[in-house]
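In what follows, a structure is listed as structure tokens, so that the remarks can point back to it.
In the working numbering, the protein residues as written are 287 to 455.
Pasting the structure below:
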């Protein structure tokens, strides 16, 4: 069902979150091999509605026109959009991770994180959201390389930004 709507590797994230949280991850819609492939069609929007997705955090590096089109399409469908431009195989900045978290906090009942393929940048944002959720606990989980691998974090730069985020008080 997700694949037919253009969302490859669609899955819910449950580790290190509250039981009531609804965080999902996937590829960008209709991603083939480049960030510029992304597009939303009626099937994509219907799928997001069926999954009760109310917010999307996108970590792509499309042309500005593509971002505006995606934002407008989502907004028309009643879905909030947080576009954070991150080049493929690069890490979001600490500020982008915090912005993603600020917006996630407003939509914990249905957020989808996507980037091109749905791994590196998406995995970095998912890990960042988990780290910030853990920081609120009395005995937070210490994230390691193995946690990052499980989330499909791809590069040392991505791990480094997450380790810095985790070290912040």
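Note that CB positions come from ideal geometry on N, CA and C, so glycine has one too.
Residue(s) in a DSSP beta bridge with residue i
| i | result |
| --- | --- |
| residue 353 | Residue 353 is not bridged to any residue. |
| residue 466 | An answer regarding residue 466 cannot be provided, because it is not within the stretch 287 to 455 covered by the chain. |
DSSP-derived helix/strand/coil call for residue i
| i | result |
| --- | --- |
| residue 328 | helix |
| residue 291 | coil |
| residue 441 | coil |
| residue 269 | The displayed coordinates of the chain run from 287 to 455. Any statement about residue 269 would go beyond what the structure contains. |
| residue 380 | helix |
| residue 299 | strand |
| residue 368 | strand |
| residue 446 | helix |
| residue 402 | coil |
| residue 317 | coil |
| residue 373 | coil |
| residue 346 | coil |
| residue 335 | helix |
Residue closest to residue i, alpha-carbon to alpha-carbon, out of the options
| i | options | result |
| --- | --- | --- |
| residue 372 | 353, 390 and 388 | 353 |
| residue 362 | 340, 316 and 309 | 340 |
| residue 313 | 306, 304 and 298 | 298 |
| residue 306 | 391, 444 and 413 | 391 |
| residue 384 | 343, 290 and 310 | 343 |
| residue 457 | 309, 308 and 328 | No information on residue 457 is available, as it lies outside the stretch 287 to 455 that the chain covers here. |
| residue 303 | 453, 378, 395 and 444 | 395 |
| residue 241 | 374, 301, 365 and 347 | Lying before the first or after the last residue shown, residue 241 is absent from the chain, which here runs from 287 to 455. |
| residue 290 | 308, 330 and 448 | 330 |
| residue 325 | 410, 402 and 413 | 402 |
| residue 323 | 308, 356, 311 and 451 | 356 |
Range covered by the beta strand (DSSP E) that runs through residue i
| i | result |
| --- | --- |
| residue 419 | No beta strand (DSSP E) contains residue 419, which is instead part of the alpha helix (DSSP H) from 406 to 420. |
Span of the alpha helix (DSSP H) around residue i
| i | result |
| --- | --- |
| residue 431 | 431 to 436 |
_Contact between the segment 315 to 322 and the segment 426 to 441 (3+ Cβ pairs under 8 Å)_ = No: fewer than three Cβ pairs fall under 8 Å.
Should the segment 402 to 410 be regarded as contacting the segment 436 to 448, the criterion being three or more beta carbon pairs within less than 8 Å?
Judged by Cβ distances under 8 Å, the segment 402 to 410 makes contact with the segment 436 to 448, as three or more pairs qualify.
Next item on the list: Tell me, please, whether the segment 406 to 426 touches the segment 329 to 338 by the rule of three or more beta-carbon pairs shorter than 8 Å.
Entry: At 8 Å Cβ cutoff, the stretches do not touch.
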